[in-house]
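Counting from 0, one number per residue, gives the positions in the sequence shown under numbering that gives the first Met the number 0.
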Amino acid sequence: MNWREHLETVVSEARDLLSTLKEEEVEAFLALLEEYRQKRIFFWARGRSFLILRGFAMRLMHMGYTVYIVGEVTCPAIGGGDLFLCASGSGKTASVLLFAEKARKVGAKVAAIVG
């Protein structure tokens with residue numbers, strides 16, 4: 000298989016994945032991000048989900064959002080008025096659930112991306 004065939008496979012898989020998104024959920028997610036444009040957003044996940052979320056957080060930072068990766072030395076304490084955005088392919092990752100519950104208890108809004 001040459002590189003063009005590999006490219007077409009990747010594009011096809013991305014197209015298939017994007018076709019599974021529900022428009023109203025995407026719109027709600029984008030509205031949530033806009034609501035937190037001038038506030039702080041904290042990110043947490045594990046494994047491959049964490050790699051994807053880190054890239055997404057970096058892109059938002061490039062767009063002017065204030066973002067923090069939980070566990071980094073520069074990450075402040077989360078508090079009321081902040082957004083905790085987590086991801087889990089299964090929706091059952093123990094550390095993600097634990098951190099989400101702690102964020103909720105201090106008054107942060109919790110949003111999750113699950114598979």
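The C-beta atom is built at its ideal place from N, Cα and C for all residues, glycine as well.
All of these numbers come straight from a predicted model, not from anything done at the bench.
For residue 95, is the classification buried or exposed, using 16 other Cβ atoms within 10 angstroms of its Cβ as the cut-off for buried? One-based indexing of the sequence shown puts residue 95 at position 96. Classification of residue 95: buried, given that the 10 Å Cβ count is 16 or more.
Close-in-space but distant-in-sequence residues of the same chain around residue 64 (CB under 8 angstroms, 5 per side omitted): Locating residue 64 in the sequence shown gives position 65, where the first residue counts as 1. For residue 64, where only same-chain residues beyond five positions count, the Cβ hits under 8 angstroms are 32, 35, 36, 40.
Under 8 angstroms by Cβ, that's how I've got residue 59 and residue 86 pegged, so tell me the actual separation to the nearest angstrom. By 1-based counting over the sequence shown, the position of residue 59 is 60. By 1-based counting over the sequence shown, the position of residue 86 is 87. Wrong, their Cβ atoms sit about 14 angstroms apart, outside the cutoff.
Compute the beta-carbon to beta-carbon distance between residue 66 and residue 56, rounded to the nearest angstrom, for a pair I have assumed lies under 8 angstroms. For the purposes of this step, residue 66 is identified with residue 67 of the sequence shown, where counting begins at 1. For the purposes of this step, residue 56 is identified with residue 57 of the sequence shown, where counting begins at 1. Sure, about 5 angstroms apart at Cβ, within 8 angstroms.
So which of 10, 49, 12 has the shortest CA-CA distance to residue 92? Position 93 of the sequence shown holds residue 92. The shortest C-alpha separation from residue 92 is found at 49.
When you compare only the Cα positions, how much space is there between residue 7 and residue 17? Numbered from 1 along the sequence shown, position 8 holds the residue referred to as residue 7. Numbered from 1 along the sequence shown, position 18 holds the residue referred to as residue 17. Roughly 15 angstroms between the two C-alpha positions.
Determine the DSSP secondary structure at residue 65, reduced to helix, strand or coil. Counting from 1 along the sequence shown, the entry for residue 65 is found at position 66. Here residue 65 sits in strand by DSSP.
Threshold first: 3 residues or longer. Then list the beta strand (DSSP E) segments lying entirely within the region 40-105, N to C. 65-68, 82-87
Please classify residue 82: is it buried, with 16 or more other beta-carbons within 10 angstroms of its beta-carbon, or exposed? In the sequence shown, counting from the first residue as 1, residue 82 sits at position 83. Looking at its Cβ environment, which holds 16 or more other Cβ atoms inside 10 Å, residue 82 is buried.
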